Amino acid sequence: MKKNMGIIDRIIRILIAIFLIVLIYKGQVKDVLAIILGIISAVFILTGLIGWCRFI
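Here UniProt numbering is used: the first residue of the sequence shown is 1, the next is one more, and so on.
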């Protein structure tokens, strides 16, 4: 796969994912919303580490 994300975009995605994970861990977000944000965080971390996003 050819990388289609810049370094700044990758860093921002990872930082947002870490922020969402901290919110879930601290209990600020619960139930279904926590699951949805957890999935979004996982996608952000994965795309940030790989450097490729299908939707760009």
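Idealized CB from N, CA, C, for every residue including glycine. If you're wondering where the values come from, they're calculated on a predicted model, not measured in any experiment.
For this session: Please confirm whether residue 37 and residue 49 have their CB atoms less than 7 angstroms apart.
Result: As a working note, residue 37 is residue 37 in the sequence shown. As a working note, residue 49 is residue 49 in the sequence shown. By the CB criterion at 7 angstroms, residue 37 and residue 49 fall outside the cutoff.
Exercise. Apart from the five residues just before and just after residue 17, which ones in its own chain have a Cβ nearer than 6 angstroms to its Cβ?
Worked result: The residue you call residue 17 lines up with position 17 of the sequence shown. If we look at residue 17 and ignore the five residues flanking it on each side, its Cβ neighbours are 41, 44, 45.
Problem set entry | Pairwise C-alpha distance: residue 31 and residue 51 | Within the sequence shown, numbered from 1, the residue matching residue 51 stands at position 51. Within the sequence shown, numbered from 1, the residue matching residue 31 stands at position 31. Using only the alpha carbons, I get a separation of about 30 angstroms.
Problem set entry | Other residues of its chain near residue 2: CB distance less than 6 angstroms, five sequence neighbours each side excluded | Along the sequence shown, read from residue 1 onward, the residue named residue 2 stands at position 2. Cβ-Cβ distances below 6 angstroms link residue 2 to nothing in the same chain once the five nearest sequence neighbours on each side are left out.
Exercise. In whole angstroms, what separates the C-alpha of residue 6 from that of residue 28?
Worked result: Walking along the sequence shown from the start, residue 6 turns up at place 6. Walking along the sequence shown from the start, residue 28 turns up at place 28. Each residue's Cα considered, the two are about 31 angstroms apart.
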